[in-house]
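End of the sequence shown sits at 289 in the working numbering; the numbers just go up one at a time, nothing left out.
C-beta atoms are modelled at their ideal positions from N, C-alpha and C, and glycine is treated no differently.
Report on the following structure.
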Amino acid sequence: MSRILIVDDDVELCELLDEYLGQEGFDVSAVHNAGDGVKLSLSEEFTLIVLDVMLPGKSGFEVLREIRQHSRVPVIMLTARGDEVDRIVGLEMGADDYMPKPFNPRELVARIRAIQRRTVSPAPLAADEDSPVLRVGHIELDPGARTVRQAGTEVILTAVEFSFLEILLRNAGQVVTRETLAREVLGRPLSPYDRSIDVHISSLRRKIDPEQRGVEQIKTIRGVGYQFTSPHGKGSQ
């Protein structure tokens with residue numbers, strides 16, 4: 053059973069989500085302050101964390117920073133409706149997605165399941181033929197182990213960043229539309245003012261090329277989407 057941790061000081065909301073997510077087959081734990089959120093998230097195994105930005109004592113951003121120092125567990129941030137700054141900051145700090153309050157619990161379930169579909173690795177096959185290691189230039193991505201290496205050095209990505217990179221590598225040299233990325237990774241249609249894809253791609257660029265050597269591996273195709281390019285070509289094993 054998937055375990056979900058909710059960190060939110062709104063007790064009534066936590067009770068509502070506990071009941072709703074429980075009916076959807078999730079095992080839910082809830083805490084109402086930042087300290088307990090950090091402690092529980094790092095001491096127990098969770099499938100995903102739902103984290104409110106506004107918490108007593110510490111902000112959700114501070115909690116996220118502490119979590120990311122030790123864990124890559126997927127995190128969905130709860131933000132105030134219309135506060136685009138909070139959404140962008142959360143994504144830049146390593147959140148996988150966000151939900152503006154108030155929201156329909158059904159939409160939260162959809163977002164959770166979308167992340168799960170991209171992060172739960174299938175059981176390996178005998179010949180491992182369905183999960184070949186992807187190699188494009190200096191980038192090596194192992195879908196089964198969910199690891200990424202750049203010139204032999206491991207790159208730490210969030211669950212959603214990994215999924216974006218996997219799709220781009222599988223389609224290296226081709227343009228992947230923003231609509232495809234939103235549907236396949238975020239599990240929702242692309243909305244006109246949603247900048248989450250841009251923020252994730254920007255973070256991904258920094259991580260796979262931290263020295264900014266001038267060769268843009270992930271190109272923005274204005275008005276369309278993104279393209280992974282490499283002078284070394286595409287390969288797999």
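Would you identify the three-state DSSP class for P108, choosing helix, strand or coil?
coil
To the nearest angstrom, how far is the alpha carbon of R222 from that of R230?
15 Å
Quick check: the Cα distance between I249 and G277, rounded to an integer number of angstroms?
10 Å
Quick check on the burial criterion: 16 or more other C-beta atoms within 10 angstroms. Buried or exposed for M129?
buried
Rounded to the nearest angstrom, what separates E181 and E236 at their Cα positions?
Reliability of the predicted coordinates at E181 is poor, the pLDDT of 48 falling under 50, and the value obtained from them is presented with this limitation in mind. Spanning the two alpha carbons is a distance of roughly 22 Å.
Could I get the ranges of all uninterrupted alpha helix (DSSP H) runs contained in the segment 200 to 229, with 4 residues as the minimum, in chain order?
211 to 222
If the criterion is Cβ atoms closer than 9 Å, does the pair A82 and V105 meet it?
no
Rounded to whole angstroms, what's the CA-CA distance from V207 to D261? Just pull it up for me.
Their Cα atoms are separated by approximately 10 Å.
Pull up the distance between the alpha-carbon of E136 and that of L242, whole angstroms please.
16 Å
Leaving out five residues before and five after F98 in sequence, what residues of the same chain have Cβ atoms less than 7 Å from its Cβ?
Closer than 7 Å at Cβ, skipping near neighbours: R55, I56, L57, V125.
Going by other Cβ atoms of all chains shown within 10 Å of its Cβ, with 16 needed for buried, is S255 buried or exposed?
S255 is classed as buried because its beta carbon has at least 16 other beta carbons within 10 Å across all chains shown.
What are the start and end residues of the beta strand (DSSP E) that includes Q279?
Per DSSP, Q279 belongs to the beta strand (DSSP E) from 277 to 280.
Thinking C-beta only, is L209 closer than 9 Å to R201?
no
Confirm the yes/no value for this check: CB of S123, any heavy atom of the ligand ZN, distance under 8 Å.
For the ligand ZN, the structure offers nothing, since it holds no ligand at all.
Ordered along the chain, which non-local residues of its own chain (more than five positions away) have a Cβ less than 6 Å from that of R257?
The answer, listed in chain order, is I270.
Under 8 Å by Cβ, that's how I've got V59 and V115 pegged, so tell me the actual separation to the nearest angstrom.
6 Å
Give me whichever residues DSSP pairs with L100 in a beta bridge.
I56, per the DSSP bridge assignment.
Report all residues from its chain with a CB closer than 7 Å to the CB of L92; omit the five preceding and five following residues, and keep chain order.
L57, S81, V83
Using the rule of at least 16 other Cβ atoms within 10 Å of the residue's Cβ for burial, across every protein chain shown, is G112 buried or exposed?
With 16 or more other Cβ atoms within 10 Å, it is buried.
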